[in-house]
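As structure tokens, the structure follows; a few thoughts come after it.
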Amino acid sequence: MNRQNNTLFKTGVRGLLVVFALTILFSVSAFSQTKTVSEAPVIPADFKGDGCSNFPDGAYGDCCFEHDKAYYVGGSWKMRWRADKKLFQCVAAKKGFKHKLIAPIMWAGVRVFGVPFLPTSFRWGFGRKKISK
Numbered sequence: 040m041n042r043q044n045n046t047l048f049k050t051g052v053r054g055l056l057v058v059f060a061l062t063i064l065f066s067v068s069a070f071s072q073t074k075t076v077s078e079a080p081v082i083p084a085d086f087k088g089d090g091c092s093n094f095p096d097g098a099y100g101d102c103c104f105e106h107d108k109a110y111y112v113g114g115s116w117k118m119r120w121r122a123d124k125k126l127f128q129c130v131a132a133k134k135g136f137k138h139k140l141i142a143p144i145m146w147a148g149v150r151v152f153g154v155p156f157l158p159t160s161f162r163w164g165f166g167r168k169k170i171s172k
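Per the numbering used here, the very first residue in the sequence shown carries number 40; after that it's consecutive.
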């Protein structure tokens with residue numbers, strides 16, 4: 040009985056390692072297909088962001104607009120990390136305690152739902168196809 044439990048444990052650990060390795064592989068391949076900074080598209084003069092996407096626009100609408108511009112262009116995973124960090128800092132810097140509470144919620148939302156492989160209108164790099172036409 041002990042030998043069977045040990046075999047099941049080893050199989051479970053191997054399975055977790057395979058899933059972890061595949062997750063890293065797909066993440067790296069998704070980010071490696073982005074353009075370099077020098078090839079990044081230019082934001083059109085008539086660009087209109089969607090505000091804070093599916094989050095209520097508050098006193099932090101200017102933060103969301105700058106974040107929308109970064110997401111329109113897209114780029115490397117580091118660029119996305121920086122854009123999301125800037126959004127967090129901008130919202131948290133607004134007057135009022137509520138903004139200190141809203142900032143991490145917004146940050147978590149863009150980290151989870153702004154990934155480039157989701158078919159949403161607010162994903163990372165959503166403007167690349169519009170510019171390349």
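Glycine included, each C-beta is placed from N, C-alpha and C at the ideal position.
Tell me which same chain residues have a C-beta within less than 8 Å of the C-beta of residue i, skipping the five on either side of it?
| i | result |
| --- | --- |
| SER77 | Unreliable placement is indicated for SER77, whose pLDDT of 48 sits below 50; the coordinate value is still reported in the next sentence. So the list is empty, once near-sequence residues are dropped. |
| ILE82 | LYS108, TYR111, VAL112 and GLY166 |
| LYS150 | For the sequence presented, residue 150 should be read as Arg rather than Lys. For ARG150, where only same-chain residues beyond five positions count, the Cβ hits under 8 Å are ASP123. |
| GLY135 | ALA98 |
| ASP179 | Because the chain here runs from 40 to 172, residue 179 falls outside it and cannot be looked at. |
| GLY100 | GLY90 and CYS91 |
Which same chain residues, not among the five before or five after residue i, have their C-beta less than 7 Å away from its C-beta?
| i | result |
| --- | --- |
| ARG162 | GLY153, VAL154 and PRO155 |
| TRP146 | ASP123, LEU126 and PHE127 |
| SER71 | Any reading at SER71 must be qualified, since the residue scores a pLDDT of 48, below 50, and its modelled position is unreliable; the value itself is stated next. Contacts found: none. |
| ARG53 | none |
| ARG119 | TRP163 |
| SER68 | Only weak support exists for where SER68 lies, its pLDDT of 46 falling under 50; the value from the coordinates is given anyway. Result list for SER68: empty, nothing under 7 Å. |
| ILE141 | VAL130 |
Could you spell out where the alpha helix (DSSP H) holding residue i opens and where it closes?
| i | result |
| --- | --- |
| TRP163 | Segment: none, TRP163 is in no alpha helix (DSSP H) and carries neither H nor E. |
| ILE141 | 136-152 |
| TYR99 | Element bounds for TYR99: n/a, residue is neither H nor E. |
| ALA131 | 116-131 |
Measure how close the beta-carbons of residue i and residue j come, nearest whole angstrom, since I'm counting them as under 8 Å.
| i | j | result |
| --- | --- | --- |
| GLY88 | CYS103 | 7 Å |
Cβ of residue i within 8 Å of Cβ of residue j?
| i | j | result |
| --- | --- | --- |
| VAL131 | LYS137 | Correcting the residue identity first, residue 131 is Ala in this sequence and not Val. Not in contact: ALA131 and LYS137 (Cβ atoms no closer than 8 Å). |
| PHE86 | GLY148 | no |
Leaving out the 5 sequence neighbours to the left and right, which residues in its chain are closer than 6 Å to residue i when beta-carbon positions are compared?
| i | result |
| --- | --- |
| GLY164 | GLY113 and PRO155 |
| CYS91 | CYS103 |
| ALA84 | none |
Compute the minimum distance between the beta carbon of residue i and the heavy atoms of the ligand ATP, and state whether it is under 7 Å.
| i | result |
| --- | --- |
| GLY153 | Of ligands this structure carries none, so the ligand ATP is not represented either. |
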